[in-house]
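Be aware that the sequence shown starts at 403, since it is given in the numbering used here, and climbs by one per residue. The beta-carbon is built from N, C-alpha and C at its ideal position, and this holds for glycine as well. Keep in mind the model is a prediction, meaning the values are calculated, not measured.
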Amino acid sequence: MASVARLRNVVIDCPDPSALAAFYAAVAGGTLVAEEADWVVLKLPDGLRLGFQLAEGYTPPEWPRADHNSQQFHLDFDAGPTWEDVDVAEKKVLALGARLLRREEDPVAEDFRVYADPAGHPFCLCRID
Numbered sequence: 403m404a405s406v407a408r409l410r411n412v413v414i415d416c417p418d419p420s421a422l423a424a425f426y427a428a429v430a431g432g433t434l435v436a437e438e439a440d441w442v443v444l445k446l447p448d449g450l451r452l453g454f455q456l457a458e459g460y461t462p463p464e465w466p467r468a469d470h471n472s473q474q475f476h477l478d479f480d481a482g483p484t485w486e487d488v489d490v491a492e493k494k495v496l497a498l499g500a501r502l503l504r505r506e507e508d509p510v511a512e513d514f515r516v517y518a519d520p521a522g523h524p525f526c527l528c529r530i531d
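This is the structure:
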C-alpha cells in the first residue's frame with residue numbers, strides 16, 4: 403500500500419525539552435538538530451527523530467493505568483541479547499535519572515523492564531535475542 407505521508411518525528415510533551423532531549427541523547431545517542439526554549443529535536447543515529455515539546459502544566463503519566471492520566475505511548479530500546487546486557491544498560495539509565503517501574507516477573511517468558519524517564523514517560527529496556 404502506498405503511503406500518504408512519511409513519519410517525521412515522534413514528539414514527547416514534557417516540562418523541560420532540553421533536559422529530556424539530553425537524557426535520551428545519553429540513552430540512545432544522536433545529535434540535537436533543533437533547539438529552542440519550547441522545542442528540541444534529537445536525530446538518532448539511525449535517522450529517526452524524537453521531538454521534545456514544552457507542555458505548560460505538564461503532568462506525567464501514571465503507569466500502569468488505562469483510565470485518567472494513562473500512558474499514551476512508550477519507547478522500547480534494544481539493550482542486548484542477555485540479561486547481563488540489560489543490567490548494564492539499567493545501571494546507566496538509572497544514573498541518568500530514570501526510575502525503575504517494573505522488573506520482569508518471569509525472565510524466561512518476558513524480555514523487558516519498564517522505567518520512567520525524568521519527565522515520567524514510561525520506556526522499556528528489552529532483551530532482544
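task = Please state whether DSSP places V510 in a helix, a strand or coil.
result = Counting from 1 along the sequence shown, the entry for residue 510 is found at position 108. Coil.
task = With distances taken Cα to Cα, identify the nearest neighbour of Y517 among D531, I530, A491, K445.
result = Working through the sequence shown from its first residue, we reach residue 517 at position 115. Comparing C-alpha distances from Y517 to each of D531, I530, A491, K445 shows the shortest one belongs to A491.
query = Is it buried or exposed for I414, if we count other Cβ within 10 angstroms and need 16 for buried?
reply = Against the sequence shown, residue 414 aligns to sequence position 12. With 16 or more Cβ atoms within 10 Å of its Cβ, I414 is classed as buried.
8 Å Cβ cutoff met for A430 and L456 = Translated into the one-based positions of the sequence shown, residue 430 becomes position 28. Translated into the one-based positions of the sequence shown, residue 456 becomes position 54. No; because the gap between Cβ atoms is not below 8 Å, this pair is not in contact.
task = Assuming L477 and N411 form a contact by the criterion Cβ under 8 Å, report the distance between their Cβ atoms to the nearest whole angstrom.
result = Your numbering for residue 477 matches position 75 in the sequence shown. Your numbering for residue 411 matches position 9 in the sequence shown. Not quite, the Cβ-Cβ distance comes to about 13 Å (not below 8 Å), so this is no contact.
key: DSSP state of A468 mapped onto helix, strand, coil   = Translated into positions along the sequence shown, residue 468 becomes position 66. A468 falls in the coil class under three-state DSSP.
inquiry  = Please classify V488 as buried or exposed, where buried requires at least 16 other C-beta atoms within 10 Å of its C-beta.
reply    = Numbered from 1 along the sequence shown, position 86 holds the residue referred to as residue 488. The residue is buried, with at least 16 neighbouring Cβ atoms inside 10 Å.
message = Taking the alpha helix (DSSP H) that V487 belongs to, which residues open and close that run?
response = For the purposes of this step, residue 487 is taken as residue 85 along the sequence shown, with counting starting at 1. One point to set straight first is that residue 487 is Asp, not Val, in the sequence displayed. Segment 485 to 497, the alpha helix (DSSP H) holding D487.
inquiry  = Taking the straight line between their C-alpha atoms, what separation do you get for P419 and A481?
reply    = The residue you call residue 419 lines up with position 17 of the sequence shown. The residue you call residue 481 lines up with position 79 of the sequence shown. When rounded, the distance between both Cα atoms is 24 Å.
request  = To the nearest angstrom, report how far apart C528 and D469 are at their CA atoms.
outcome  = Walking along the sequence shown from the start, residue 528 turns up at place 126. Walking along the sequence shown from the start, residue 469 turns up at place 67. Between C528 and D469, the C-alpha separation is close to 26 Å.
For G482, the residue or residues it bridges with in DSSP = If you number the sequence shown from 1, residue 482 lands on position 80. In the DSSP secondary-structure assignment, G482 is bridged to R529.
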